[in-house]
Amino acid sequence: MTRALVFSPDDDRCLELISAASVATGGGLDGVDLLLAGPAGEERLRTPSSTGVGRIVVAEWSDPTDAFSVDRALRAWIGRERPDYVLLTSDRIGRQVAGGLAQLLGGGASTEVVGLESAGGSLTVKRMVLGGKGIASEEVDTPAVLAIQPGRFPPAEASGTAGGAAEVVRLEDPGADHRVRIVERRPRERSGVRLEDAEVVVVAGRGFERREDLRLAFELAEALGGAVGATRPLVADLGWLPGSDWIGISGVRISPRLMVAVGVSGQMQFLAGALDSKVIVAVNKDPNAPIVGASDYAVVADLYEFLPALIEVLRGGR
Amino acid sequence: MDVAALVKLALDVEGLRAEPGEAPRVDQAPTKVSEIDLNAVEEAVSIRERVGGSVTAFSVLNWGPLSRRMREAREAAKRVLAMGADRFVLVADEAAVGADTGFTAAALAAALRARGPFDLVLAGEGTEDSFGGLVPGRLAQELGWPYVPYADGVEVGGGGSVRVRRAVGDFEEVVEVDLPAVISVTQEINKPRIPTLMQILQAGKKPLEVLSLSDLGLPGPGAGRGVRVSSVVSPRVERRGVVIEAESPREAAERLVEELRRAGVI
Chain B
1 MTRALVFSPD DDRCLELISA ASVATGGGLD GVDLLLAGPA GEERLRTPSS TGVGRIVVAE
61 WSDPTDAFSV DRALRAWIGR ERPDYVLLTS DRIGRQVAGG LAQLLGGGAS TEVVGLESAG
121 GSLTVKRMVL GGKGIASEEV DTPAVLAIQP GRFPPAEASG TAGGAAEVVR LEDPGADHRV
181 RIVERRPRER SGVRLEDAEV VVVAGRGFER REDLRLAFEL AEALGGAVGA TRPLVADLGW
241 LPGSDWIGIS GVRISPRLMV AVGVSGQMQF LAGALDSKVI VAVNKDPNAP IVGASDYAVV
301 ADLYEFLPAL IEVLRGGR
Chain Y
1 MDVAALVKLA LDVEGLRAEP GEAPRVDQAP TKVSEIDLNA VEEAVSIRER VGGSVTAFSV
61 LNWGPLSRRM REAREAAKRV LAMGADRFVL VADEAAVGAD TGFTAAALAA ALRARGPFDL
121 VLAGEGTEDS FGGLVPGRLA QELGWPYVPY ADGVEVGGGG SVRVRRAVGD FEEVVEVDLP
181 AVISVTQEIN KPRIPTLMQI LQAGKKPLEV LSLSDLGLPG PGAGRGVRVS SVVSPRVERR
241 GVVIEAESPR EAAERLVEEL RRAGVI
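Chains as they are written, first to last, in my numbering: chain B, 1 to 318; chain Y, 1 to 266.
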């Protein structure tokens, strides 16, 4: 039987991966094993158990937010069971461990996966490449490690027929790799709402001339009930926004209902992080800026004249 | 400290033409050093400047056609050498074109062993064209070395270890790792230097070594293993493309708000 091992640091994402694993293994969920890192009482086991997964592997000693500890747990299970597929979320933890696990298994690997198709015993993976300019179809041999983008598969639901709860297996700690030691750890500074979760995002780009002018972006975001994000130069080079979150292929990927890109030229590295926005509005002085061609609505205007007018209309109209 | 920097000749995505539903014209697009790999080179050179040692850049050519890519690779090597790398090792072989990340890692491991030993391997956290981020982790596994990705800072102390500052999920971490190790870097770690004209002229005299797979004692990537790209098409992103023109900012604002309300977005 084809077997899959599933892990995500986020329990809700686990359910998405269980759905994905069912595609990869060709339908049956009894071949899917779920790794839960950290203590797992009745409460935490209930939902995944009801989906019909084969086994729930509990690594009580493991910390789901510590990539090294997660890697250790995955390796312990993989060494024992040699699954055909390992499914992870394509976040920094998933991408950290994916390469090493694939080389350990001697198999294929794909990250940033947006879709899976299984036909005739072979699995085709779809992933975004070329800075968002291409969707590659990749045929992946087993064993394979797949890191899947969040939100691409529906969460697995409680199955009526499975009835019985999944078998729970406790995984022993194989011991740490003493060559790597976390000597300091603290929660990250964030500038506000998680951009990944925001329904409306106003993105500020290099069109803003001074740091204090960003108040226009914040006022617009407030009027729209959204969050403010920025392109890489504003955060990384200029330090105009606190924290280290910018929108782009190597930064945060957003998927809001509405993105308003203000003074953003629209380079691929940025656009690839915002392609999942439902509606894109661009405000730019330059009618030839790439963002204009990549938007649903483009206003060719000076942001310093247009934003105050837009904020006023939004406020007045409510 | 002897440092190896991994450098990919990535497809220049800005220069890539793509029509929705069709395959992007990959053969016609130029390649260049992937941006984040320049950060890896910069970090390697600045480590050598701080503690001494050497910097060797390694690259495996993934894109064909080989004749054209070789020309681009020589230019790329020159840039990396001008930044301060001491030598450049290029693995170029028809059989390695289009190889998957597992094979690329195996080729890099063989080249590193052949031209080593090294204390540290640095690479970008991902490449612009593919952004899989798999090669450094696969290489670490292949070499049996620890792997610490996403370095925003690398501090070289004494005692055969380095400290890596990085952010993962909701946490910032400082990770101490024993050498030899593989570390991937983000664009935050530094600003790659722009070589001077003199450095560019001198780079031409630095060693560029071209190796084939047989030089490394490697067979080509075998069938039935890994990942094969069967097609690449440009996504059909359906954007409405409405350009709002108006006499005044106020009028433009009113029209935009009207459009957004009609579309049910606000």
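Just so you know, even glycine gets a beta-carbon here, dropped at the ideal spot from N, CA and C.
Keep in mind it's a predicted model, so treat the numbers as computed, not measured.
Legend entry - Contact list for the segment 110-122 of chain B against chain Y, Cβ threshold 8 Å: Answer in chain order: S110, T111, E112.
Inset, instruction - Tell me whether the beta-carbon of B:R13 lies closer than 8 Å to the beta-carbon of B:T89. - result: yes
Inset, instruction - Examine chain B for any beta-carbon lying closer than 8 Å to the beta-carbon of Y:T186, and answer yes or no. - result: Yes, contact with chain B.
Legend entry - Endpoints, the beta strand (DSSP E) within which Y:E172 is located: 171-178
Inset, instruction - Give the residues of chain Y in contact with B:G175, contact being defined as C-beta atoms less than 9 Å apart. - result: Going along chain Y, no residue has its Cβ under 9 Å from B:G175, so there is no contact; the nearest lies around 15 Å.
Inset, instruction - Give, in chain order, every unbroken run of the beta strand (DSSP E) that is at least 3 residues long and sits entirely within the segment 28-103 of chain Y. - result: If we require 3 residues or more, the beta strand (DSSP E) runs fully inside the segment 28-103 of chain Y come out as 31-33, 54-60, 87-91.
Inset, instruction - Kindly indicate if chain B contains any beta-carbon less than 8 Å away from that of Y:L11. - result: Closer than 8 Å to some Cβ of chain B, the Cβ of Y:L11 qualifies, so yes.
Inset, instruction - Find the residues of chain B that neighbour Y:D170, judging by a C-beta separation of less than 8 Å, and give them in chain order. - result: T65, P187, R188
Inset, instruction - Compare the C-beta of Y:D100 against all C-beta atoms of chain B and say whether one is closer than 8 Å. - result: yes
Inset, instruction - Return no unless some Cβ of chain Y is closer than 8 Å to the Cβ of B:L319. - result: Since the first residue shown for chain B is 1 and the last is 318, residue 319 of chain B is missing from the structure and cannot be characterised.
Inset, instruction - Establish whether the CB of Y:L108 and some CB of chain B are separated by less than 8 Å. - result: no
Inset, instruction - Evaluate contact between the segment 262-282 of chain B and the segment 293-302 of chain B, counting only Cβ atoms and requiring at least three cross-stretch pairs below 8 Å. - result: Look at the beta carbons and you see the segment 262-282 of chain B touching the segment 293-302 of chain B: at least three pairs across the two are nearer than 8 Å.
Legend entry - Paired residues, beta bridge with B:L347 - DSSP: Summary: the structure shown does not reach residue 347 of chain B, with chain B confined to residues 1 through 318, and so no result is reported for it.
Inset, instruction - Determine, using beta carbons only, whether Y:V168 and Y:T104 come nearer to each other than 8 Å. - result: no
Legend entry - Cβ contact check for the segment 203-214 of chain Y and the segment 176-186 of chain Y: 3 or more pairs under 8 Å: no
Inset, instruction - Compare the C-beta of Y:I266 against all C-beta atoms of chain B and say whether one is closer than 8 Å. - result: yes
Inset, instruction - Measure the C-alpha to C-alpha separation of B:V168 and B:R55 and round it to an integer number of angstroms. - result: 6 Å
Legend entry - Segment contact, 8 Å Cβ cut-off, at least three pairs: the segment 58-77 of chain B with the segment 127-137 of chain B: Taking 8 Å as the limit for Cβ pairs, the verdict is that the segment 127-137 of chain B does not touch the segment 58-77 of chain B.
Inset, instruction - Give the interface partners of B:F270 over in chain Y, defined as CB-CB distance under 9 Å, in chain order. - result: Taking a Cβ-Cβ threshold of 9 Å, none of the residues of chain Y is close to B:F270; the smallest such distance is about 12 Å.
Inset, instruction - With a threshold of 16 other CB atoms inside 10 Å of the CB of Y:R17, please say whether the residue is buried or exposed. - result: exposed
Legend entry - For B:P233, the nearest candidate out of B:F208, B:F218, B:I254 (CA to CA): B:F208
Inset, instruction - In the DSSP assignment, find the unbroken alpha helix (DSSP H) run with B:E189 in it and report its ends. - result: Per DSSP, B:E189 belongs to no alpha helix (DSSP H) and is neither H nor E.
Inset, instruction - Buried or exposed for Y:E94, please, with buried defined as at least 16 other CB atoms from any protein chain shown within 10 angstroms of its CB. - result: In the assembly as shown, Y:E94 is an exposed residue. Its beta-carbon has fewer than 16 other beta-carbons within 10 Å.
Inset, instruction - Can you grab the Cα-Cα spacing for the pair B:G229 / Y:P219, in whole Å? - result: 48 Å
Legend entry - Y:P20, DSSP secondary structure in three states: strand
Inset, instruction - Give a yes or no on whether the minimum CB-CB distance between Y:L256 and chain B is below 8 Å. - result: Closer than 8 Å: yes.
Inset, instruction - Give me the Cα-Cα distance between Y:V97 and Y:V7, rounded to the nearest whole angstrom. - result: 15 Å
Inset, instruction - Enumerate in chain order the residues of its own chain whose CB-to-CB distance from B:R206 is below 8 Å, with the five nearest sequence positions on each side excluded. - result: T231, P233, L234, G263, V264, S265
Inset, instruction - Have a look at B:L314 and B:S22 and give me their C-alpha separation to the nearest angstrom. - result: 46 Å
Inset, instruction - Say whether chain Y places a C-beta atom closer than 8 Å to the C-beta of B:A310. - result: The residue you asked about is not Ala; residue 310 of chain B is Leu in the sequence shown. Among the CB atoms of chain Y, one or more fall inside 8 Å of the CB of B:L310.
Inset, instruction - Return yes when at least one heavy atom of the ligand ATP lies under 7 Å from the C-beta of Y:L16, else no. - result: In terms of ligand content, the structure shown is empty, and the ligand ATP therefore cannot be addressed.
Inset, instruction - Please determine, among B:E81, B:V113, B:E222, the residue with the shortest C-alpha to C-alpha distance to Y:G132. - result: B:V113
Inset, instruction - In the DSSP assignment, find the unbroken beta strand (DSSP E) run with Y:F131 in it and report its ends. - result: That residue, Y:F131, is in no beta strand (DSSP E); it is neither H nor E in DSSP.
Legend entry - Distance CB(Y:A253)-CB(B:A309) smaller than 8 Å: yes
Legend entry - Chain-ordered chain Y contacts of B:Q149 [CB-CB under 8 Å]: What B:Q149 touches in chain Y: nothing, since even the nearest Cβ is about 12 Å away.
Inset, instruction - Sort B:A40, B:P48, B:G41 by Cα distance to B:D30 and report the nearest one. - result: B:P48
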